Every structure is written in C-alpha cells, then in structure tokens.
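Residue numbers (this note's numbering), protein chains in the order written: chain U, 3 to 420; chain A, 3 to 420.
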C-alpha cells in the first residue's frame, strides 16, 4: 500500500502520523465539551458535530455523542468498517463531502485531548521475552531468569483501571513502603526508583462470555494505543511476593490519545516468533497477529532537550494481544467493551532497545548519560517522558502521536504517616 | 443493644438475620425490573416504590431508581444516615408510616435477588494470618510460611470485577493450563482442584483521590457482604509466579445479595490483633475497625444434605478493611464508588476453622468426610456451597443471609483447543 491522498493537505506527507491511511480515533475539546474526532494530518475532524447534523450516519443511532468511543466500540465490527469507509471516502482528495467536512476541522494545536474511552478493566501482561529475561536476571536468578511457565502462558495480572490517564497528564511520584535488602524494617517514603514501561495497549471493543479462540479474540479488538505503565521499582521489589505487583503499578498508566484501529494496522501484521517449546493448541494463531510498529522513548529533563533513550519494535513480543485476550477468557472470565490489555514491556535484544530504565541502567548499576550530560538510573522529578510509535508503509506512516507525561515530586508524607 | 421491635412481626425474633437493628440493602425483582429494597424479617420493603410515591425522600433527588445502590453510595454518609433513620423510624412498632410502608412489602420467598451494586473494580487481599501460614506451608516453605513482607503490608492484588456475581448464580468449573510437578509440559483441561475462599467484602461508597488515612478509609466504606472467591488451585499453582493469580481467580466471585451497612455493624466493632512487628504509622487504627461476625460454610452434594465444613469469625483477620483501603491509596491510586475489597480467606487457628478446602484437606492429603459419608478434597460438580454470617447481639443477630452457588461441570474443551 502507498500513501492515500486527502484534500487535507497536511495529511499528504511521509512525515505525518495521520495520513488518510490511518484515521485514528480520539476525544478532544476546545470549549470543555468532550467530542469524538478523527485525526487527519495536523487537523481533527469533529465527528460528534458531523453526526449531529446528519453528515455521518451509523447503524444503531447516535454513537458519537457521549464524549467517549465506547458506544462505537459496542456497536461491533460492521459499524467499525462502515464508519471507516465513510471517513476515508469523505476525506479522499476530490470527495463530494469536502465542504461539509471542512466546516468541522479543528487544528490539533488548538485542542485539549481527553481519555478516548472509558476503561472497563485494565490487564497488564508480561509477554516480552527480553524484558522477562532481564527482569528475571535482576530480581531473581540469572541462571533461571525466565519463569518455568513463561514459554507456555501469556503471563498477566490485573491492573487498576482507575489509574489509566491520557497522555499529557502529569504523574505524581508515589509514596510507599520501601525496604532495602539490609534494612530490618520497611519505611514509608517517596519512591526512589520510579520507572517507565514502554508497552502497546490493545482495546477490547466487543464483549465475550466464555472462552474465545485466538481468531475470535482478534476480531474483538477495536484498536491499539501506546501505553506507559509507570512503575515504582522499589515498592514493587518489597511488595510483589507472593501475589504480584499492586501499589507499584497503581500510580498511573498513560495512554496515547489516539486509538489506531486494527483496520489501519492491517498492512503491518507480522508473526510472533517460533516457539521453543510445543505450544498448547488453544494459543495457536491462525495468521499473523502482531504488528510491525517502530517505537521510541524520549526523556527530557526539566526544561531541557530530549534524549532518545530506547528504540524498539512491537514485533519483539512473544505473545500477541489476540493470544493474551484468548488466554484471558480460558477460565470463563467475561470480557467487556473498554477492557484494556497492556502488552508487557517491549525490549529488544540490545541494550539500546530496552523498554524500561530498570533494564537500561541494569537496576541502577549502569546509569545512562543523556544528551544534556546528565546521568539517569531512574526518573527524576521534572523529567518528561514521551513514547512514540509508528508503522512504516511505502511513503507513509501510521502513527500514534505521542504518549507523554511529566514526573512531579511525591506528596509530602502526612504527619499521621510519619 | 437489644432487639428493636418492628411492626413487621417476622423481624421480632432472635433467629432472623434481618431484625430492625440490621436493615441491609439489596436489589430484587418480582417481574424482571430490578428494584432497591431493604430486608426486614422475611419481607423486603420496596424502596424504589416508596421513593417514587414520595413516602421516602433523600437529599440529592431520586437515588433509588436505577436498580443498583451506587447512587446512594455516591451520595455520602449524611444521606446514608438519613436513609437509615427514615427506615428505622418507619419500620418501628407503632410507626405512623406503617400503612404506607406495608403496602410495599414483598415476601423474600417470592423474589429474585440481583447484584446489589455495580462493581467498579475488585481487589482481593490476603490478610488472614492462619490462611497465609497454611498456604505458605503448602505452596512454598513450611519453615518460612509467612512471606517476609506479610507482617508489614496488607498484601493484595487486583481481581476481575466482571467475574463478581450475586449469590444463587451457578458457577461453571473452569478449564485452564494444568501442570503436575512431574509433567514435562502443561495440558489444557478442566480444573481438578476447584475450591472456595470464605471472605468478607467491603464496599467502597465514597471515592478518594490521593492517599487517605485509616479513619478516612473507614468513613468511605458503605457496608459489607459475604464473599466467596472461587479458586482453581491447580491453575493457580502453575500460573501464579511471578505476577500473582490470574485465571485461577477469574471464574467467579460470589457475594451475598444483602449489603449490611457499617451502621448496623457498629455494636460489633473489635480490634485487630497485637502486632508482632512495629507497624508503619500510616496503618495505625484510631479505634476498633474489625467486626465480630460468626461465619460458616456449608457443602451439600447434589441433592443431598448439607454438612457444615468450616466455622470461623471475621475477627481472625490481621488487617481490617479500613487498613487495606488506606494501603490501597498509598501510591496515589484513586478509589471509586463501587470498588469491592475482599478481605482474604478467613481461617481460624484450628482445622475446623479453615476457610478453604485447600486448607481443610491440606492440599488433598487429608480428605474430609461429609455427613452423607462422601469424602471431599476439593469441590465436585453438583456441590452447592453456602456461606453464612451473622454478628450476634443480645437476643438478636445482624446477618447477611446466604451466599450460595452450585458447581456445574466444566465446558467441553473445543476441538481447536485440543
């Protein structure tokens, strides 16, 4: 596929994240009222307005008036395809709808972005093999870094949906219980090893009741976002045995404001790697279910230039989101519109491909040097982190925009907690 | 306190779970429409009807018309107290409201009960010391059964809200990945070690943003339910390292249909046990925050008589729900109306006080003999499990009704999963 031409001129370049090939969905406001929109070049088309005036009609009635995408997600794949068709036709160069649509373009520079959907529940996986090996080596035993179940199970745990925020939301460093290996007792203090996790998030559009196959799971997915699962490594190290991470992962999870649909990503499907161990039949993929998406992480100290601290690709995952979602339903667990699945941290083979500072600085033993000359083992207050991602086509890209957040100092510990 | 007399005669006995002292909230239907009600003796007072005709008025408008209790929960403690006052006055023997209220009584025997509230998110804790020691001895190392952090942290993990069901809902045995200690590879098959967990659930009524104290946490709690966290022990054993239980806990969590309010439980407050290790200041309780509630578990094989397989008390917990909720907010995690916190399995000191079959049969090594003569290590298809609980006053009890569920056979493994 090559670049599709739009009458929105800014969409017709190889640099924009949002050509006509993409058409990602988000929620924006100019006056405080959240509206559904689609990104095209450096503009947003106001779909709430278009639907209200009848220039856009969807089976099942008004689906774009609630200020989140959940109504469209619930409506299912036929509606998803119909909406994309109408938008792609209306935004194509020479389209008859140009005048009607152009009246509802808003510059991206002039809007505030909001959460694109209401998160039902949030599950985070651990499906990056390099990440699992790196973390296993540091937290447990380098000789047996990969847990015994890892090659058989897409390991996941339930996260906290109330902590999911949209890109641009500041992230307050957490307090928590900390205990060094030589401390007799823990203390309650600010996290000193605050970290990012570079992930992709898959959004469940269609619900399920009972076990689904990998193909059915893929069909249920509405689209993908960039996802940063902020992590307090020192809180995690002390709390996570035996029942997994809890408060270490409950401060914030940031997502990109744009949901890139499965349809836009179709040309970029790729396969998960060959299995080292026979895989249980239920996890077999009927076709390629991962995506070739270049990813990078930028870190800008307070008011200074950004350094790119990691580059990797979503194709590093060992399990696809479809496999994860299928596994999620094995026990009979119902899935719902708005469930969000984090892929797990995406780390490549080399040091510069690692998707967390824990790995990049090897637990703080090998601090990074930034372009500013400063060093970092973990995040400092004032640091702004930005994830970026794009699938690269022939003369075009399908991008996610930015997933960014600035670290603010921890709250003062209240007197009653001292 | 002694028994308060009502004009509803069935409420004036020492045997009923629902005297005027209690007034628990639930959701029922007679014709398919879910309505909010309060239990009194063997009757339910239809509060949705009373509010609709103006015989009951609450600050903030119609709060009892949505078929769940979330609107009342959101309205806060002043409304909670005002509602209880109106109900207690109107149901007291000799009340002027008798005729108006009596027109809206429905026999409990004639209704279907529904989920009393919409669960926002579900967190399960691990705060019973005997349970933690028993499980640690079986799954890990008997010499170091209690994890190093256990005496400092109310250990918890996020569960799956979509799996929470009301008492009376059948529970389908899950399939999942199973691997015996001597198997080379896992297989996908029906769980063979399906279990209960006897717990109490605390319901968050008021939201929070940022860390709260134990007292603030207690103030946020709307009430309590009985809770059975159905658990697949064989799935759990293979999946839970390193990130905690996932599909083993995602089949179902049953709750009692009646929410017993904090106000009804006030006379039964009791303290958590003395700490063996200095406790961090933030977890200090300003007063007694546990409750003295007798609990029991009955098991009835398909169509046969029930045996009581365990008796214990909520006062066996090491951490109160208020402490757990406080800890839940330490990282800045927002809590929401409708969050449900499971206490963790409640096991007493003796074998007959253990709140799970894993403990009662010591991992299957010591099967129980039921009154029917059958033996059990774990649950069999057709078994009906029933949790019961009541705080005991002077000539009255504040009970929760029953939390029950019948185990149905696992779904056939689909061909594509074989």
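Just so it is clear, CB atoms sit at the ideal spot from N, CA and C, and this is done for glycine as well.
All figures in this text were calculated on a predicted structure; none of them were measured in a lab.
Just to confirm, is the Cβ distance from residue i to residue j under 7 angstroms?
i                      : j                      : result
residue 405 of chain A : residue 228 of chain A : yes
residue 388 of chain U : residue 355 of chain U : no
residue 294 of chain U : residue 4 of chain U   : no
residue 283 of chain A : residue 412 of chain U : no
residue 246 of chain U : residue 159 of chain A : yes
residue 25 of chain A  : residue 85 of chain A  : no
residue 43 of chain A  : residue 81 of chain A  : no
residue 203 of chain U : residue 257 of chain U : yes
residue 62 of chain A  : residue 176 of chain U : no
residue 46 of chain A  : residue 110 of chain A : yes
residue 149 of chain A : residue 243 of chain U : yes
residue 115 of chain U : residue 28 of chain U  : yes
residue 307 of chain U : residue 373 of chain U : yes
residue 52 of chain U  : residue 58 of chain U  : yes
residue 216 of chain A : residue 324 of chain A : yes
residue 265 of chain A : residue 400 of chain A : no
residue 391 of chain U : residue 292 of chain U : no
residue 144 of chain A : residue 71 of chain A  : no
residue 132 of chain U : residue 349 of chain U : yes
residue 16 of chain A  : residue 398 of chain A : yes
residue 252 of chain U : residue 232 of chain U : no
residue 196 of chain U : residue 234 of chain U : yes
residue 430 of chain A : residue 238 of chain A : In this structure chain A extends from 3 to 420, so residue 430 of chain A is not present and cannot be described.
residue 30 of chain U  : residue 113 of chain U : yes
Per DSSP, residue i is paired with what?
i                      : result
residue 264 of chain A : According to DSSP, which records beta bridges pairwise, residue 264 of chain A is partnered with nothing at all.
residue 157 of chain U : The partner list for residue 157 of chain U (beta bridge, DSSP) is empty, contrary to what the question assumes.
residue 255 of chain U : U:166 and U:231
residue 192 of chain A : A:177
residue 378 of chain A : A:370
residue 391 of chain U : U:297
residue 39 of chain U  : U:28 and U:48
residue 126 of chain U : U:159 and U:344
residue 225 of chain A : A:205 and A:263
residue 185 of chain A : Partner(s): none; residue 185 of chain A has no beta bridge.
With respect to the beta strand (DSSP E) encompassing residue i, which residues constitute its N-terminal and C-terminal limits?
i                      : result
residue 139 of chain U : Segment 131-141 is the alpha helix (DSSP H) holding residue 139 of chain U; no beta strand (DSSP E) there.
residue 205 of chain A : 200-206
residue 403 of chain A : 399-410
residue 72 of chain A  : Looking at the DSSP string, residue 72 of chain A is not in any beta strand (DSSP E); the run it does join, the alpha helix (DSSP H), is 72-77.
residue 175 of chain A : Counting along the chain, residue 175 of chain A falls outside any beta strand (DSSP E), and DSSP gives it neither H nor E.
residue 296 of chain U : 296-302
residue 328 of chain A : That residue, residue 328 of chain A, is in no beta strand (DSSP E); its alpha helix (DSSP H) goes 323-330.
residue 115 of chain A : 114-116
residue 27 of chain U  : 27-31
residue 108 of chain A : 107-109
residue 309 of chain U : 309-315
What are the boundary residues of the alpha helix (DSSP H) that residue i is part of?
i                      : result
residue 348 of chain A : Taken as a continuous stretch (DSSP letters only), residue 348 of chain A belongs to no alpha helix (DSSP H), as it is neither H nor E.
residue 50 of chain A  : 49-54
residue 102 of chain A : 100-104
residue 216 of chain U : 216-222
residue 360 of chain A : 359-362
Can you determine whether any heavy atom of the ligand ATP sits closer than 6 angstroms to the C-beta of residue i, and answer yes or no?
i                      : result
residue 381 of chain U : By its list of ligands, the structure shown contains no ligand whatsoever, and the ligand ATP lies outside what it can speak to.
Original post:
Between the region 242-261 of chain U and the region 161-176 of chain A, do three or more beta carbon pairs fall short of 8 angstroms?
Top reply: no
**OP:** Report the residues of the region 237-250 of chain A with a CB closer than 8 angstroms to any CB of chain U, ordered along the chain.
**Re:** 237, 240, 241, 242, 243, 244, 245, 246, 247, 248, 249 and 250
Original post:
Using a Cβ cut-off of 8 angstroms, which residues of the region 153-171 of chain U contact any Cβ in chain A, in chain order?
Top reply: 154, 155, 157, 158, 159, 160, 161, 162, 163, 164 and 165
Subject >> Chain-ordered residues of the region 334-361 of chain U with a beta carbon less than 9 angstroms from chain A >> reply: 334, 335, 336, 337, 338 and 341
Original post:
Should the region 347-362 of chain U be called in touch with the region 371-388 of chain U, which here means at least 3 C-beta pairs below 8 angstroms?
Top reply: yes
**OP:** Give a yes or no on contact between the region 267-283 of chain U and the region 149-159 of chain U, applying the rule of three or more CB pairs nearer than 8 angstroms.
**Re:** yes
Subject >> Contacting positions in the region 204-219 of chain U - beta carbon closer than 8 angstroms to chain A >> reply: 212, 213 and 215
Subject >> Three or more C-beta pairs below 8 angstroms linking the region 160-167 of chain A and the region 187-195 of chain U >> reply: no
**OP:** Could you run through the region 103-123 of chain U and flag, in chain order, every residue whose CB is less than 8 angstroms away from some CB of chain A?
**Re:** 122 and 123
Subject >> Residues in the region 171-196 of chain A having any Cβ partner in chain U nearer than 7 angstroms >> reply: 174, 176, 177, 178, 179, 187, 188 and 190
Subject >> Interface residues of the region 6-36 of chain A facing chain U [CB-CB below 8 angstroms] >> reply: none
Subject >> Interfacial residues, the region 251-283 of chain A to chain U, with Cβ spacing under 9 angstroms >> reply: 251, 252, 253, 254, 279, 280, 282 and 283
Original post:
Going along the region 127-145 of chain A in order, which residues come within less than 7 angstroms of chain U, judged by CB to CB distance?
Top reply: 128
**OP:** Compile a chain-ordered list of the residues in the region 301-333 of chain U whose CB is closer than 8 angstroms to at least one CB of chain A.
**Re:** 329, 330, 332 and 333
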